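One structure is given here, and the rest of the page talks about it.
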Amino acid sequence: AFQVVANSWESSIPVQAIIRFGSSQEFLAIGQPGMFYDRENVSYPAAVYDYISEQDMSPDVFDVDIEVSTSVNWYVDVDAADPPTGSYDFQTVLIHEALHGLFMVSNYQLGDNGNGVVLRDGLPTVFDSFVAVNPINSTSDTTQVCGVLGYFNGSTLDSNPEAQQALTSNRLYFQVDSSLGSGMYLLYSPPKFIQGASIVHENSSLSDTNVTDTCDSLMYYPIPDGRAIRCIGKITKRMASACRLYGMPNSGIELAS
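Per my numbering, the sequence shown starts with residue 6, numbered consecutively.
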C-alpha cells in the first residue's frame, strides 16, 4: 500500500508514517498529518512542507499518522481481488488515509452551535487554498468561480454562514490554474457539513471525463465495502502536485479569488 503512495508522491524527501490500532467503532481509519507548519498565512502538512523546503524539517516526527480500527472486518489478502461484501480491503483504506495524511486535509470546521464555518487556528491548509465554488455548477464556464476563502474577508476566526453555504452546495471544486494545466475537480460537499468528510474527498459525479479514471474512486466518500482500489487516480495526483508546488518560487499557480 505504501509503495503505491510513494510511487505517486514524487518527492526525494522520505516520508515517515506510523500506523496505530484502536477499537473505535465510529470509523474505519483516520489519516492525518503528523504535524503542520505555518508559513505566509497557510498551514502546510509536514510532507508538503518538507517538499517545499527540500529537506526533512522534523526527522523525529512522523509525517503521516494513521489510526486503524480493530473493530472492522478487514480483508488482508495481498491479491488484487475484491473482498467479500461486508469486509473492507485493508490496502485500499491505508492508501486512502495516507493521502489524507500527506495533503488532502482541511481546517474548515463548524462554528459555535453549527452556525457557519470557521478556519481552525484562523489558517487554511494548502488544500483549502484551492477550494472554490461555482454557482452555475460547470467545469467549463468559470466566469463566476469564487474561492471560498474570499467569503471571509480576512476574518477567518469569525463564524461565516456564506462560507458554510458554499461548502455544502454540491458545487464545490478544487480549482487550479498552473503549469499543470487548468482544471476544476468536483469535491464532496453534501447539504450537511460532515467534519472530516466534506471538502477532502472527490465527488463521485466527477464530470471531467478527459482526466478522471477508475482509480479516482479511491478518494470518494465513503470507502465502499467489497471493493479493492489499490491505485491513485489522475485527478488525485493533479491535486497532490498542485499542493506540493504551492508556495514554491515561480510556481505559476493562480487561485480563484
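Backbone N, C-alpha and C fix where the C-beta goes; we use that ideal spot for every residue, glycine too.
On a predicted model such as this, the values are computed, not experimentally measured, just so you know.
Taking only beta-carbon atoms, is residue i less than 7 Å away from chain B?
i: I141; result: No chain B is present in this structure, which holds just one protein chain.
Just confirm the distance between the C-beta atoms of residue i and residue j, as a whole number of angstroms; I'd bet it's less than 8 Å.
i: D163; j: V138; result: About 19 Å; that fails the 8 Å criterion.
i: V47; j: L128; result: 6 Å
i: I234; j: C220; result: 7 Å
i: A34; j: V69; result: Actually they do not touch by this definition, with Cβ atoms about 12 Å apart.
Pick from the options: whose alpha carbon is nearest that of residue i?
i: V150; options: T130, Y190, G127 and S160; result: Y190
i: M109; options: G238, G36 and I23; result: G36
i: Y156; options: T148, V136, N175 and G238; result: V136
i: I141; options: I71, V131, R176 and P19; result: R176
i: V131; options: I57, P166 and T148; result: I57
i: D133; options: G27, N208, Q180 and Q60; result: Q180
i: Y226; options: Y193, D126, R232 and T241; result: Y193
i: I23; options: I71, A52 and D43; result: I71
i: W79; options: D43, Y54, N208 and F32; result: F32
i: T241; options: A171, Y178, L260 and P195; result: Y178
i: G252; options: D55, K197 and G27; result: D55
i: K197; options: T161, G27, G119 and L260; result: G119
Would you report the Cα separation of residue i and residue j, rounded to the nearest angstrom?
i: V73; j: P88; result: 18 Å
i: D146; j: S29; result: 44 Å
i: Q21; j: V77; result: 25 Å
i: G100; j: V9; result: Contrary to the premise, residue 100 reads as Ile rather than Gly in this sequence. Approximately 7 Å between the Cα atoms of the pair.
i: T214; j: G238; result: The predicted position of T214 is uncertain, since its pLDDT is 47 and thus under 50; no value can be drawn from it.
i: S203; j: V98; result: 18 Å
i: L250; j: P50; result: 13 Å
i: G159; j: T75; result: 42 Å
i: F41; j: V153; result: 21 Å
i: G188; j: R243; result: 9 Å
i: S212; j: D218; result: For S212, the predicted model reports a pLDDT of 48, less than 50, meaning its position is unreliable; a value from the coordinates is still stated below. Cα to Cα, S212 sits roughly 11 Å from D218.
i: G201; j: G121; result: 16 Å
i: A245; j: G39; result: 17 Å
i: C248; j: V205; result: 13 Å
i: G106; j: D117; result: 26 Å
i: T173; j: D182; result: 23 Å
i: G231; j: L223; result: 13 Å
i: R125; j: N112; result: 5 Å
i: P19; j: A168; result: 36 Å
i: Q60; j: P166; result: 40 Å
i: Q170; j: F7; result: 36 Å
i: I228; j: G27; result: 19 Å
i: S209; j: E45; result: 33 Å
i: D43; j: C236; result: 31 Å
i: E207; j: P195; result: 12 Å
i: R25; j: L260; result: 36 Å
i: V53; j: T161; result: 23 Å
Using a threshold of 6 Å, is the CB atom of residue i nearer than that to any non-hydrogen atom of the ligand COA?
i: S74; result: Although the ligand COA was asked about, the structure shown includes no ligands whatsoever.
**OP:** Quick one: which unbroken beta strand (DSSP E) runs of 3-plus residues sit fully inside the segment 110-144? Chain order, please.
**Re:** With a minimum length of 3 residues, the unbroken runs of beta strand (DSSP E) contained wholly in the segment 110-144 fall at 113-115, 122-124 and 136-138.
Original post:
For the segment 6-22 against the segment 74-89, are there 3 or more C-beta pairs whose distance is under 8 Å?
Top reply: No: the two stretches stay apart, fewer than three of their Cβ pairs being nearer than 8 Å.
**OP:** Could you pull out every unbroken alpha helix (DSSP H) segment of at least 4 residues lying fully inside the segment 56-114, listed in chain order?
**Re:** Considered as a whole, the segment 56-114 harbours 95-107 as its complete alpha helix (DSSP H) runs of no fewer than 4 residues, in chain order.
Subject >> Inter-stretch contact (C-beta, 8 Å, three-pair minimum) for the segment 53-65 and the segment 89-100 >> reply: Because the criterion of three Cβ pairs below 8 Å is not met, the segment 53-65 and the segment 89-100 do not touch.
Original post:
What alpha helix (DSSP H) runs, 4 residues minimum, are completely inside the segment 155-198?
Top reply: Fully enclosed alpha helix (DSSP H) runs of 4 or longer: 166-172.
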